[in-house]
Ligand code: GRF
């Protein structure tokens, strides 16, 4: 499976995926392409350091979301990409683009969905005073952070946590479960059924 990873920032999840694939010569995924919608972000350097082709498609250069998504689609098709991983990609994607990738696009989100959807999930969990939050990998559907869940991990909120302390614990969990999810999906051990349910074809 040829994989593209879409980023907007530091790319620590991209790095976790790169490292997991590199560690296993028989890995079912090959990370072929990194796309950032923002120039100059650190994730692009991570891609370069790993010898992975990295492309910037700056959303500011496009008149609207549809035009940006068309450019994304063209790039993914030109490289023969099979599977897309969103990893800190902070753009809302249009429904036609998302639907073109149904069952072939994953996202990582820093909460136990469906709790704390949106871009401020870590701060929202702190503000809510929950004692357990976590991370989710899900298939992407047009509605934000609402897709069928592949895997989740719980993360405790500890007394005295501020954003940075909790974010660090959350990221550590992300870096464990995203590579696991990519392996299952790339291997065909997990798939999105026509019914919209996630099927585990082998025991995880
Ligand atoms: C992660 O917390 C991810 O869940 C969220 O954005 C963050 C990206 O971090 N969607 P990084 O760029 O992978 O370091």
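Numbering (full-length UniProt numbering), first residue to last: 4 to 207.
Even for Gly, the Cβ is constructed at its ideal location relative to N, Cα and C.
Suppose you measure from the CA of residue 177 to the CA of residue 64; what does that come to, to the nearest Å? If you number the chain shown from 1, residue 177 lands on position 174. If you number the chain shown from 1, residue 64 lands on position 61. About 31 Å.
Residues in the same chain with beta-carbon distance under 6 Å from residue 196, minus the five sequence neighbours each way, listed in chain order, please. Walking along the chain shown from the start, residue 196 turns up at place 193. For residue 196, where only same-chain residues beyond five positions count, the Cβ hits under 6 Å are 202.
What are the start and end residues of the alpha helix (DSSP H) that includes residue 173? Within the chain shown, the letter at position 170 stands for residue 173. Segment 166-190, the alpha helix (DSSP H) holding residue 173.
Can you check which of these residues, 71, 14, 51 and 135, is closest to residue 88 by C-alpha distance? As a working mapping, residue 88 is identified with position 85 in the chain shown. Ranking 71, 14, 51 and 135 by Cα distance to residue 88 puts 14 first.
Tell whether a beta-carbon distance below 7 Å holds between residue 143 and residue 188. Stepping through the chain shown from its first residue, residue 143 is reached at position 140. Stepping through the chain shown from its first residue, residue 188 is reached at position 185. Against a cut-off of 7 Å, the Cβ pair of residue 188 and residue 143 comes out as no contact.
Over what stretch of residues does the alpha helix (DSSP H) that includes residue 135 continue unbroken? To locate residue 135, count along the chain shown from 1; it is residue 132. Per DSSP, residue 135 belongs to no alpha helix (DSSP H); it is in the beta strand (DSSP E), 135-142.
Count the other CB atoms, across all protein chains shown, that sit within 10 Å of the CB of residue 148; report buried if there are 16 or more and exposed otherwise. Your numbering for residue 148 matches position 145 in the chain shown. By the C-beta density criterion, residue 148 is buried, having at least 16 other C-beta atoms within 10 angstroms.
What three-state label does DSSP hand residue 123 in the structure shown? Translated into the one-based positions of the chain shown, residue 123 becomes position 120. If DSSP states are grouped into helix, strand and coil, residue 123 belongs with coil.
Under 7 Å between the Cβ atoms of residue 91 and residue 152? Translated into the one-based positions of the chain shown, residue 91 becomes position 88. Translated into the one-based positions of the chain shown, residue 152 becomes position 149. No. Outside cutoff.
Chain-order list of residues whose beta-carbon lies under 8 Å from that of residue 129 (same chain, five-residue window excluded): Here residue 129 corresponds to residue number 126 of the chain shown, with the count starting at 1. Excluding residues within five positions, the ones whose Cβ falls inside 8 Å are 160, 164, 165, 166 and 169.
Candidates 150, 20, 54 and 185: closest to residue 98 by CA position: Here residue 98 is taken as the residue at index 95 of the chain shown, counted from 1. Shortest Cα-Cα distance from residue 98 to any of 150, 20, 54 and 185 involves 150.
Spatial distance of residue 156 from residue 200 (CA atoms): Numbered from its first residue, the chain shown carries residue 156 at position 153. Numbered from its first residue, the chain shown carries residue 200 at position 197. Rounded to the nearest angstrom, the two C-alpha atoms are 19 Å apart.
Find out if the Cβ-Cβ distance for the pair residue 34, residue 21 is shorter than 7 Å. Numbered from 1 along the chain shown, position 31 holds the residue referred to as residue 34. Numbered from 1 along the chain shown, position 18 holds the residue referred to as residue 21. Result yes, Cβ atoms of residue 34 and residue 21 sit closer than 7 Å.
Mapping DSSP to helix, strand and coil, what is residue 39? Taking the chain shown and counting its residues from 1, the one referred to as residue 39 is at position 36. Of the three classes helix, strand and coil, the one that applies to residue 39 here is strand, per DSSP.
Limits of the beta strand (DSSP E) - the one that residue 195 falls within: Here residue 195 corresponds to residue number 192 of the chain shown, with the count starting at 1. Annotation: the continuous beta strand (DSSP E) that includes residue 195 extends over 193-195.
Around the C-beta of residue 29, are 16 or more other C-beta atoms found within 10 angstroms, so that it is buried, or is it exposed? Counted from its first residue, the chain shown places residue 29 at position 26. Exposed: under 16 other Cβ atoms inside 10 Å.
Where does residue 6 fall in DSSP's three states? Here residue 6 refers to the residue found at position 3 of the chain shown. Reduced to three states, the DSSP call for residue 6 is strand.
For residue 134, which residues from the same chain have a beta carbon less than 8 Å from its beta carbon, with the 5 sequence-adjacent residues on both sides left out? Position 131 of the chain shown, counted from the start, is the residue given in the question as residue 134. Only 159 and 160 meet the Cβ criterion.
Looking only at C-alpha atoms, which of 8, 44, 112 and 56 sits nearest to residue 175? Here residue 175 refers to the residue found at position 172 when the chain shown is read from its first residue. Each of 8, 44, 112 and 56 was checked against the Cα of residue 175, and the nearest Cα belongs to 112.
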